[in-house]
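S.K.:
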Amino acid sequence: MNKFWERFFYALTFISQGASFLNPRAYAIMHRMHHSYSDTEKDPHSPHFFKDVWQMTMETKNIYLNYAKFRIEPEKAFRGSYPEWPLVDKISDMWAVRILFALFYIIFYIKFASALWMFILLPVHFFMGPVHGAIVNWCGHKYGYASYDNNDFSKNTVPIDIFLMGELMQNNHHKSPNNINFAKKWYEFDPAFFIIILMNTIGIIKIRKL
Ligand SMILES: [Zn+2]
-13 MNKFWERFFY
-3 ALTFISQGAS
7 FLNPRAYAIM
17 HRMHHSYSDT
27 EKDPHSPHFF
37 KDVWQMTMET
47 KNIYLNYAKF
57 RIEPEKAFRG
67 SYPEWPLVDK
77 ISDMWAVRIL
87 FALFYIIFYI
97 KFASALWMFI
107 LLPVHFFMGP
117 VHGAIVNWCG
127 HKYGYASYDN
137 NDFSKNTVPI
147 DIFLMGELMQ
157 NNHHKSPNNI
167 NFAKKWYEFD
177 PAFFIIILMN
187 TIGIIKIRKL
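Numbering (the working numbering), first residue to last: -13 to 196.
1) Residues in its own chain within less than 8 Å of Ser100 by CB, not counting five upstream and five downstream?
2) Please specify which runs of the alpha helix (DSSP H), each continuous and at least 4 residues long, are wholly inside the stretch 119 to 185, giving them in chain order.
3) Mapping DSSP to helix, strand and coil, what is Asn52?
4) Exposed or buried, which one is Leu8 when buried takes at least 16 other CB atoms within 10 Å?
5) May I ask whether a heavy atom of ligand 1 can be found less than 6 Å away from the beta carbon of Gln41?
6) Please classify Met114: does DSSP put it in a helix, a strand, or coil?
7) Determine the direct distance from the alpha carbon of Met114 to that of Gln3, and round the result to whole angstroms.
8) Would you decide whether Lys192 is buried or exposed? Buried here means 16 or more other CB atoms lie within 10 Å of its CB.
9) Is Gln41 buried or exposed, if buried means 16 or more other CB atoms sit within 10 Å of its CB?
10) Exposed or buried, which one is Ala12 when buried takes at least 16 other CB atoms within 10 Å?
11) Does Trp40 come out as helix, strand or coil in the three-state DSSP assignment?
12) Between Gln3 and ligand 3, is there a pair consisting of the residue's CB and a ligand heavy atom that are separated by less than 6 Å?
13) Pull up the distance between the alpha-carbon of Ile1 and that of Glu45, whole angstroms please.
14) Would you say the beta carbon of Ser140 is closer than 6 Å to some non-hydrogen atom of ligand 1?
15) Report back the beta-carbon spacing between Ser140 and Lys171 to the nearest angstrom; my notes put them in contact at under 8 Å.
16) If distances are taken between C-alpha atoms only, which option among Gln156, Ile15 and Glu27 comes closest to Tyr131?
17) At which residues does the alpha helix (DSSP H) containing Ile1 begin and terminate?
18) Indicate the three-state DSSP secondary structure (helix, strand or coil) for Met80 in the structure shown.
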């Protein structure tokens, strides 16, 4: 995508992830590490090295912060070719901004929630980014079936992957990481694939290779 759309989606991601915005550069570095070292000790978030999902998430957070705060340099192979917007990174990471987003969610609930029990869902909004990451990283390498032997524990967590826009078809994704369609079998469905095709059709992105 061109610079305009890159900035547009960077800003849109900030607005929609809000309180739990994750820095794209640090995210990209961790994701590349995950693919290179899938389910080995150098994998930043393999469920097979932690006793529970909480412990894995806390360790992932530490590794993420090392890159987000430039505390350690990533390996050379994992650098470059990611969007960077230092101003948004700085604003999004301010405690005042994260708390303002959280307050906005609370006010939204006060205004629109129709039952008291709904408020127990609030933490999901506060930590949407990490919650999503924890589900994908834990379940996608633990539960489901494997269509391919990728030399790791990646699984296709079908059918609940539909709630995560197809991202839980980790076994397919690790088999062919550059394939924009995570679905392989007739009963698998990757909603994000059709969004990518739509964005390509209307000219927001240009698919390099189908
Ligand atoms: Zn994976």
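Each residue gets a CB set at the ideal place from its N, CA and C atoms; glycine is no exception.
M.R.: Once the coordinates are examined:
1) Numbered from 1 along the sequence shown, position 114 holds the residue referred to as residue 100. There are no such residues.
2) 156 to 161
3) As a working note, residue 52 is residue 66 in the sequence shown. Here Asn52 sits in helix by DSSP.
4) Walking along the sequence shown from the start, residue 8 turns up at place 22. Burial call: buried.
5) Against the sequence shown, residue 41 aligns to sequence position 55. No, the Cβ of Gln41 stays beyond 6 Å of every heavy atom of ligand 1.
6) As a working mapping, residue 114 is identified with position 128 in the sequence shown. Met114 falls in the helix class under three-state DSSP.
7) Counted from its first residue, the sequence shown places residue 3 at position 17. Counted from its first residue, the sequence shown places residue 114 at position 128. The alpha-carbon atoms of Gln3 and Met114 are separated by roughly 7 Å.
8) Numbered from 1 along the sequence shown, position 206 holds the residue referred to as residue 192. Exposed is the call here.
9) As a working mapping, residue 41 is identified with position 55 in the sequence shown. Exposed is the call here.
10) Here residue 12 is taken as the residue at index 26 of the sequence shown, counted from 1. Buried is the call here.
11) The residue labelled residue 40 in the question sits at position 54 within the sequence shown. The answer is helix: DSSP assigns Trp40 an H, G or I state.
12) Here the bound small molecules are ligand 1; ligand 3 is not part of this structure.
13) Indexing the sequence shown from 1 puts residue 1 at position 15. Indexing the sequence shown from 1 puts residue 45 at position 59. Spanning the two alpha carbons is a distance of roughly 26 Å.
14) The sequence position of residue 140 within the sequence shown is 154, counting from 1. Yes, since a heavy atom of ligand 1 falls inside the 6 Å radius drawn around the Cβ of Ser140.
15) Working through the sequence shown from its first residue, we reach residue 140 at position 154. Working through the sequence shown from its first residue, we reach residue 171 at position 185. Their Cβ separation, rounded to whole angstroms, is 15 Å, which puts Ser140 and Lys171 out of contact at 8 Å.
16) On the sequence shown, position 145 is the one that residue 131 refers to. Residue Gln156 is the option with its Cα nearest to Tyr131.
17) Working through the sequence shown from its first residue, we reach residue 1 at position 15. First-last of the alpha helix (DSSP H) with Ile1: Lys(-11) to Gln3.
18) Translated into the one-based positions of the sequence shown, residue 80 becomes position 94. The answer is coil: DSSP assigns Met80 none of H, G, I, E or B.
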